[in-house]
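Asks: Note that the protein sequences, when read in sequence, are chains R and F. Counting in this note's numbering, the first sequence runs from 1 upward without gaps. Counting in this note's numbering, the second sequence runs from 1 upward without gaps. The beta-carbon is built from N, C-alpha and C at its ideal position, and this holds for glycine as well. Note that the structure is predicted; figures quoted are calculated from it, not measured. My questions will all concern the structure given below.
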Amino acid sequence: MNFLSEFGLAVVSAAILQNVVLTRGLGSCKRTLTLSAPRSILFLGGTLTVVTILAALIAWPLNRLVRTYQSQMQLTLRYLTSITALISICLVFLLLYLGTRAFAPKVHYYLRELMIPATFNCAVLGSIVIALTSGYGVFQAAGYALGSGIGYTAALLLIWEGRRRIALTDVPRAFRGLPILLLYMGILSLAIYGLIGHQLPT
Amino acid sequence: MNLESLRKHRRRSRWVEGLFQKNPILVCGLALPFAIMVTNNLKNSVSISILMACSLIPTVLLASLVGHRLPKWLSWAVYALFSMVLVIAFQPLTAAVAPEVGDSLGIYVPILSLNTVMFALCGRYSQPGHRPILALMDSLSYSLGFALAMCLLAAIREFLGNNTIWGVAVKFPVRFTGVQIAFSGFILLALLAALLQFLRRVFLLHLYRRDNPGPNESA
Numbered sequence: 001m002n003f004l005s006e007f008g009l010a011v012v013s014a015a016i017l018q019n020v021v022l023t024r025g026l027g028s029c030k031r032t033l034t035l036s037a038p039r040s041i042l043f044l045g046g047t048l049t050v051v052t053i054l055a056a057l058i059a060w061p062l063n064r065l066v067r068t069y070q071s072q073m074q075l076t077l078r079y080l081t082s083i084t085a086l087i088s089i090c091l092v093f094l095l096l097y098l099g100t101r102a103f104a105p106k107v108h109y110y111l112r113e114l115m116i117p118a119t120f121n122c123a124v125l126g127s128i129v130i131a132l133t134s135g136y137g138v139f140q141a142a143g144y145a146l147g148s149g150i151g152y153t154a155a156l157l158l159i160w161e162g163r164r165r166i167a168l169t170d171v172p173r174a175f176r177g178l179p180i181l182l183l184y185m186g187i188l189s190l191a192i193y194g195l196i197g198h199q200l201p202t
Numbered sequence: 001m002n003l004e005s006l007r008k009h010r011r012r013s014r015w016v017e018g019l020f021q022k023n024p025i026l027v028c029g030l031a032l033p034f035a036i037m038v039t040n041n042l043k044n045s046v047s048i049s050i051l052m053a054c055s056l057i058p059t060v061l062l063a064s065l066v067g068h069r070l071p072k073w074l075s076w077a078v079y080a081l082f083s084m085v086l087v088i089a090f091q092p093l094t095a096a097v098a099p100e101v102g103d104s105l106g107i108y109v110p111i112l113s114l115n116t117v118m119f120a121l122c123g124r125y126s127q128p129g130h131r132p133i134l135a136l137m138d139s140l141s142y143s144l145g146f147a148l149a150m151c152l153l154a155a156i157r158e159f160l161g162n163n164t165i166w167g168v169a170v171k172f173p174v175r176f177t178g179v180q181i182a183f184s185g186f187i188l189l190a191l192l193a194a195l196l197q198f199l200r201r202v203f204l205l206h207l208y209r210r211d212n213p214g215p216n217e218s219a
């Protein structure tokens, strides 16, 4: 029961209070923010969520192992957590890409274009590094990864809806495109800030 | 309609397009997390810009030299890992800017290895037929453009939010502490992007009107 509540708390915290896009700006680039269809957003978000969870599940024991080895050998190498997280992400990408190509060609056909932006995305690496450095257990880390993926997808859907409505209005010429999108994201970010009431640590 | 000046300008600016014409942050909307979260102060921005240049230029060169020989599924992992090695190797350089910067940058140092500027340029130059010199020039100009936008944003945010520039106090009657928070990063970035879009349009219009005077002006 305790595990479940910790898992649930990690999911809610990562999805809403620590939303990767709106509180930390992670994973926001023009290409992903301007995806034109909710179907593509859901595919991207779904792939990103799966990759984040799998990578977190691989990175957690790997990080533990490396940390133990580091304390035994008295090494003082910084960013070891980030290295293990990135190696896990690369492993998950290779497994998913080659696995779907060999065993599920139809799935591979749909996902092959989205798999690269969904995997090599700073939201994935950032979420895993935050989960690992916050001292979460394996369940909490998986919950945090799941929440990050859900939060990322929800933020992209919110931005898509905002863009759709903005397209119907008369925006000044200088603000068309990226500037108005960033203004809209700023207002969403302000709403989240109002909810948590403080700035998150980097 | 005489478009010679416009074409000449476009040809000339191709070599430095990353600076203004296709500024990675203000025009292309790449590497936004850094522009939003790291621009709290000038020291952070300069440090991250140095790290960006140190990782971007060799990675894009690597992509232009061996990218077309690697299978697509392997190349992205190779670029990301190579970039991470470079970021970690050059990270001590930030201590030269300010010793406290390493801690205040937090997760934004390792995520430099997955920045979208690098993936955009690597994707472009891993195709066969691209010259490495162009890859070098583009990575240089994009790094400079990134640094320019970051420093501009950071100077404004630090001045308005802390009334300091590079940690040195500047006399100013009002202090807007909210400018230091993430949402202000989005809003300030939007305003700067709009300003650049406006200035670009005015400049191109000026070039066009100089070569194509209206009937009243030519008379």
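Suppose you measure from the CA of Arg10/F to the CA of Met137/F; what does that come to, to the nearest Å?
Replies: So the two alpha carbons sit approximately 16 Å from each other.
Asks: Based on the DSSP output, what are the partners of Ile50/F in its beta bridges?
Replies: None, per the DSSP bridge assignment.
Asks: Looking at chain F, is there any beta carbon in it that lies within less than 8 Å of the beta carbon of Gly126/R?
Replies: Closer than 8 Å: yes.
Asks: Considering Cα atoms alone, identify which of Ile48/F, Trp15/F, Phe159/F, Ser5/F is closest to Phe146/F.
Replies: Among Ile48/F, Trp15/F, Phe159/F, Ser5/F, the Cα nearest to that of Phe146/F belongs to Ile48/F.
Asks: Where do the ends of the alpha helix (DSSP H) carrying Asp211/F lie?
Replies: Run containing Asp211/F: 182-211, per the alpha helix (DSSP H) assignment.
Asks: If we define contact as Cβ-Cβ less than 8 Å, is Met84/F a contact residue for chain R?
Replies: For Met84/F, the answer is yes, since a Cβ of chain R falls inside 8 Å of its Cβ.
Asks: When DSSP labels each residue in this structure, what does Arg37/R get in the three-state scheme?
Replies: One point to set straight first is that residue 37/R is Ala, not Arg, in the sequence displayed. Here Ala37/R sits in coil by DSSP.
Asks: Beta-carbon of Leu6/F versus every beta-carbon of chain R: anything under 8 Å?
Replies: Taking Cβ atoms only, chain R never reaches closer than 8 Å to Leu6/F, which makes this a no.
Asks: Check Val109/F in the structure and name its three-state DSSP category.
Replies: It is coil, neither helix nor strand.
Asks: Give every residue of the same chain whose Cβ lies closer than 8 Å to the Cβ of Asn52/F, excluding the five residues on either side of it in the sequence, and list them in chain order.
Replies: The amino acid occupying residue 52/F in the given sequence is Met; Asn does not appear at that position. Correct list, in chain order: Ala31, Phe34, Leu112, Asn115, Val117, Ser143, Phe146, Ala147.
Asks: Using only the alpha-carbon positions, how far apart do Ser28/R and Gly214/F sit?
Replies: Roughly 44 Å separates the two Cα atoms.
Asks: Here's the rule: buried if 16 or more other CB atoms are within 10 angstroms of the residue's CB, otherwise exposed. What is Phe119/F?
Replies: Buried: at least 16 other Cβ atoms inside 10 Å.
Asks: Rounded to a whole number of angstroms, what is the C-alpha to C-alpha distance between Arg176/R and Leu168/R?
Replies: Each residue's alpha carbon lies about 12 Å from the other.
Asks: What's the gap between the Cα of Gln70/R and the Cα of His130/F?
Replies: Answer to the nearest angstrom: the Cα atoms are 43 Å apart.
Asks: In chain order, which alpha helix (DSSP H) runs of at least 4 residues are fully inside the segment 114-190 of chain R?
Replies: Within the segment 114-190 of chain R, the complete alpha helix (DSSP H) runs of at least 4 residues are 122-133, 138-166.
Asks: So, is the C-beta of Thr116/F closer than 8 Å to a C-beta in chain R?
Replies: Yes, because at least one Cβ of chain R sits closer than 8 Å to the Cβ of Thr116/F.
Asks: For Leu188/R, which residues of its own chain have a beta-carbon under 8 Å away from its beta-carbon, when the five flanking residues on both sides are left out?
Replies: The residues are Leu22, Ala155, Leu158, Ile159, Gly162.
Asks: Is the shortest distance between the beta-carbon of Lys106/R and the beta-carbons of chain F less than 8 Å?
Replies: No, its Cβ sits nowhere closer than 8 Å to a Cβ of chain F.
Asks: Does the distance from the CB of Ile57/F to the CB of Ser139/F come in under 8 Å?
Replies: Against a cut-off of 8 Å, the Cβ pair of Ser139/F and Ile57/F comes out as a contact.
Asks: According to DSSP, is Thr164/F helix, strand or coil?
Replies: Note: Thr164/F maps to strand in three-state DSSP.
Asks: Using DSSP's beta-bridge definition, name the partner residues of Ala169/F.
Replies: Per DSSP, Thr164/F.
Asks: Return the first residue and the last residue of the alpha helix (DSSP H) that Cys122/F is part of.
Replies: First-last of the alpha helix (DSSP H) with Cys122/F: 116-125.
Asks: Kindly give me the distance between the Cβ atoms of Tyr144/R and Ala10/R, rounded to whole angstroms, as I take these residues to be in contact under 8 Å.
Replies: The Cβ separation is near 5 Å, so the contact holds.
Asks: Contact between the segment 40-58 of chain R and the segment 108-115 of chain R: three or more CB pairs below 8 Å?
Replies: These segments touch.
Asks: Enumerate, from N- to C-terminal direction, the unbroken alpha helix (DSSP H) stretches of 4 or more residues contained entirely within the segment 63-104 of chain R.
Replies: Runs of the alpha helix (DSSP H) inside the segment 63-104 of chain R: 80-103.
Asks: Hey, is Ser113/F's beta-carbon within less than 8 Å of any beta-carbon in chain R?
Replies: Ser113/F counts as touching chain R.
Asks: If you count every other CB in all the chains shown that lies within 10 Å of the CB of Ile158/F, and 16 or more means buried, which is it?
Replies: Residue identity check: residue 158/F is Glu in the sequence provided, not Ile. Counting Cβ neighbours within 10 Å, Glu158/F comes out buried, since at least 16 surround it.
Asks: Specify the secondary structure class of His130/F as computed by DSSP and reduced to three states.
Replies: In this structure, His130/F counts as coil in the three-state DSSP scheme.
Asks: So, for Tyr97/R: in the same chain, excluding its five sequence neighbours on each side, which residues have a beta-carbon less than 8 Å away from its beta-carbon?
Replies: Contacts found: His108, Arg112, Met115.
Asks: Consult DSSP for Thr52/R and reduce its assignment to one of helix, strand or coil.
Replies: The answer is helix: DSSP assigns Thr52/R an H, G or I state.
Asks: Which residues in chain F sit within 8 Å of Val129/R, going by Cβ to Cβ distance?
Replies: Within 8 Å Cβ-Cβ: Ile107, Pro110, Ile111.
Asks: State the start and end residues of the unbroken alpha helix (DSSP H) segment that holds Thr39/F.
Replies: It is not in any alpha helix (DSSP H) - Thr39/F carries neither H nor E in the DSSP assignment.
Asks: Leaving out five residues on either side along the sequence, give the residues of the same chain with a beta carbon under 8 Å from the beta carbon of Phe90/F.
Replies: Closer than 8 Å at the Cβ level, and outside the excluded window around Phe90/F, lie Ile50, Leu51, Cys54, Ser55.
Asks: Closer than 9 Å by beta-carbon distance: list the chain R residues that pair up with Leu56/F, in chain order.
Replies: Ordered by position in chain R, no residue passes the 9 Å Cβ test against Leu56/F, which lies about 14 Å from the chain.
Asks: For the segment 15-35 of chain F, which residues have a CB atom closer than 9 Å to at least one CB atom of chain R, in sequence order?
Replies: Against chain R - using a Cβ distance shorter than 9 Å - the residues of the segment 15-35 of chain F are Leu26, Val27, Cys28, Gly29, Leu30, Ala31, Leu32, Pro33, Phe34, Ala35.
Asks: Work out the CA separation of His68/F and Phe103/R for me, nearest whole Å.
Replies: Their backbone Cα atoms lie some 26 Å apart in a straight line.
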